[in-house]
Every structure is written in C-alpha cells, then in structure tokens.
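In what follows, a single structure is set out as structure tokens and then discussed.
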Amino acid sequence: MKTTRLWLIDRTRAGAILLMITYHLVYDLNRFAGVGINYESPVWYAIGKASALLFIFLSGFCSALSRHPVRRGIRLLAYGLGISAVTFLFLPAAYVRFGILHFLAVALILSPLWQALPQRLLPLLALLAGLAGWKVAQLSGPTGLGASFLLPLGLKYPGFDSIDYFPLLPYLGVTLLGIYASKAYRKNRRSAPKPRVAEGSFSLSKTLSQHSLKIYLIHQPLILGALLAWRWIFAPGSKALSSAHTRLFPVFFMLWQHANTPGKIAGTLETLLPGSHLLLLAEALGLLLVGLFIYLRARQTRE
C-alpha cells in the first residue's frame, strides 16, 4: 500500500543523521585515534546535542502519527539492550546505560498516555519535565542522591560514567513538544501549503530517513573499523593503536588471561557484572515485558 511521507520530516531527520555522524567522527578521532580535536568544545557539543534533540522531537512527532508506537518502542528497546551489551564488552567502565535508543523506546511505549491528553496540556508538561530535569541534576553528582535503578529518571550515582546517556528528565519534555506539534499539524494539514521539492534532494533525504535506525546502528562500527584499519596499515605498533585496542577490547583481554585458569572466568564475569548493573538490566527486561503487555492488550482491543 502506498504511503504518504512528509518531506519536512525526511529532510529534518536526514540533517540530524548527518550531524550525528559528524559529531561521532570527531569524538572517535579524539578518543580512539589520538587526534587533537576537542569534541567537548561549544561548537561540537552543540552539534551533537542538536542531533539528539532533533531525533527526540521527531520521534514524538511521528509517534502521534504512527499506528503501532508501542511495537516500535519494544523493537527499539531490544536494540538498545543489544547496544548496552556490546558497549559493555568494549567499554565496561562507561558502557551505554539508558542511552538515546533506550530513551526513545520508553517514550514510544508510553506515548499512548501522552497522546490521550488534551493538546493544550502538553507544553505545560514539557516545561515541567524540563524543570524537573534541572532539579534532578542538582540532586545527582558526587555527593548527591542516585542509584542504578534511578538512572532512567536522571538520578546518577557517584562515579557514574556512560558514553551515551539520555534520561527521561528533562528529555521527555522534547518528546511532548513533538507530540504537540504533531497534533497541531493534524488539525491544520488541510490548509497547509504543499511545497514542491526537487526530486533528487528529496530522494536522498527520504532514503536517509527511511534507514535512519540502520545508519545509527552501523555508523559507529564502520567509523571505528576504518580508524583501526588506518592505524594498522599506516602506523603499525603505534601507541595510539595499542591504546585503542586496550580501550575497545578490555573484556576480551581479561577473559583471555584467565581462559586456562579454572574458576577464574566466573569470577571475572562476576566482577564485570556487579549487582547494580544486573538490577538495571532486570528493570529494562521488566519494561520490555510491560511494553509487550500493553501492545498485546491494545491489539486485542482492536480485534
């Protein structure tokens, strides 16, 4: 069945993808290749944050137009858990805990609740989410409140570190603004102008937009693989390459060291999976089951 796509959504998502790839390339060059680019400078920080905020806003906008937001949320949560597992193997000290995929998944699973609210309440709730996020940030930190199971709300425990972290507060406010914009669009779409778009540029943005999840999942492995291959070919044995290996594959090295020692592998895994991390994983699996239950009940109601 032929579907109608919104050209502005496709172009905005394509722009967010390009910003994301650019920021991650700079980040990887600095962290894994030793290139002196400060990815924490205001310009690069703004590029990375703008990309994430665009994705979150568009997710909220499209969730109000989607027929199966809960189903999409469950799928994203599965991908997010996979990314957590993979990054834990490569970067156990700063692996992804409630990154942007986890956030988008939870926001989609909960989206039927927000869509049922009156449109006029959504901006107010978005403002409250932003203020709550600001307050939660004050409670977190080296001496503040926080625990592993509170990470989704933005309460970080002392020593917390993650390469990708997007808590519900304050970012849920951006999702609510996206839902608000979608509701406003649906009310006024009959009178909205229909601009003509050049076929070539539209096709490119459409392709990027349609495959945005695939691009997100593969772009980092491709960048890191290219960097390691470059260092391997043009600078074999360099300190930067060795540093990249020890950063990317510490778990494999640790398991290899204990592979021939009986009883050491279990102890190593126990060290790498402390109770708080297991608790967070249990929470994610519980949320996955809740989303599955909501989806099955919604499907039963439609039938």
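With my numbering, the residue at position 35 of the sequence shown is 36, and numbering never jumps. Glycine included, every Cβ here is placed at the ideal spot set by N, Cα and C.
Cβ-based neighbour list, residue i, same chain, cut-off 6 Å, excluding 5 preceding and 5 following
i    : result
S60  : L105
G37  : none
Q139 : none
Bounding residues of the alpha helix (DSSP H) (the contiguous stretch that carries residue i)
i    : result
K184 : L169 to N189
I110 : I101 to Q116
D165 : From DSSP, D165 is part of no alpha helix (DSSP H); its letter is neither H nor E.
N31  : W8 to A34
S64  : P43 to S64
A79  : P70 to F91
G37  : Careful: G37 lies outside any alpha helix (DSSP H) and carries neither H nor E.
P1   : The chain is shown from 2 up to 304; residue 1 falls before or after that span and cannot be answered.
L154 : Segment: none, L154 is in no alpha helix (DSSP H) and carries neither H nor E.
Q211 : E200 to Q211
Residues near residue i by beta carbon distance below 8 Å, same chain, minus five either side
i    : result
D305 : The question about residue 305 has no answer, for the chain in this structure spans 2 to 304.
D29  : Q221, I224, L225 and L228
T272 : Reliability fails at T272, whose pLDDT of 49 lies under 50, so the model's placement of it is uncertain and the value that follows must be treated cautiously. Excluding sequence neighbours, T272 sits near nothing in its chain.
L205 : A15
V107 : G74, L78, P153, L169 and L288
R68  : none
P124 : L177, L178 and Y181
N31  : G37, I38, N39 and Y40
Y24  : Y40, W45, I48, G49 and S52
Buried versus exposed call for residue i [16 or more other C-beta atoms within 10 Å across all chains shown]
i    : result
R187 : exposed
P159 : exposed
L156 : buried
I219 : exposed
V175 : buried
G49  : buried
H212 : exposed
Y46  : exposed
A117 : exposed
G179 : buried
S243 : In this prediction, S243 scores a pLDDT of 47, lower than 50, which makes its location untrustworthy; the coordinate-derived value is nonetheless stated afterwards. Exposed: under 16 other Cβ atoms inside 10 Å.
A53  : buried
W135 : exposed
L92  : buried
L270 : At L270, the pLDDT of 40 sits below 50, so the modelled position is not reliable; the number obtained from the coordinates is stated separately. Exposed.
Short Cβ contact (8 Å threshold) for residue i with residue j
i    : j    : result
I10  : L209 : no
L55  : T13  : yes
F89  : S183 : no
Q120 : Y40  : no
S112 : P70  : yes
L126 : S64  : no
Nearest residue (CA-CA) to residue i, options the options
i    : options                   : result
A79  : L90, I101 and F62         : I101
L214 : G81, P119 and L26         : G81
A230 : I22, A34, Y46 and W8      : A34
V44  : L123, A138, Y172 and L20  : L20
I57  : L118, L154 and P168       : P168
R98  : A117, S206 and Y166       : Y166
L152 : K136, W135 and L170       : L170
L129 : I216, L177, S85 and P70   : L177
Y172 : A133, A185, R190 and L122 : A133
V310 : A185, I164, N189 and R190 : The question about residue 310 has no answer here: the residues shown for the chain are numbered 2 through 304.
R76  : S85, A51 and H103         : H103
A185 : G131, L122 and L26        : L122
Cutoff 8 Å: residue i Cβ touching any chain D Cβ
i  : result
L7 : Reference to chain D is not applicable here, since this structure consists of a single protein chain.
Same chain, Cβ closer than 7 Å to residue i, five either side skipped, listed in chain order
i    : result
L7   : none
I22  : H220
V137 : L154, G155, L156 and L170
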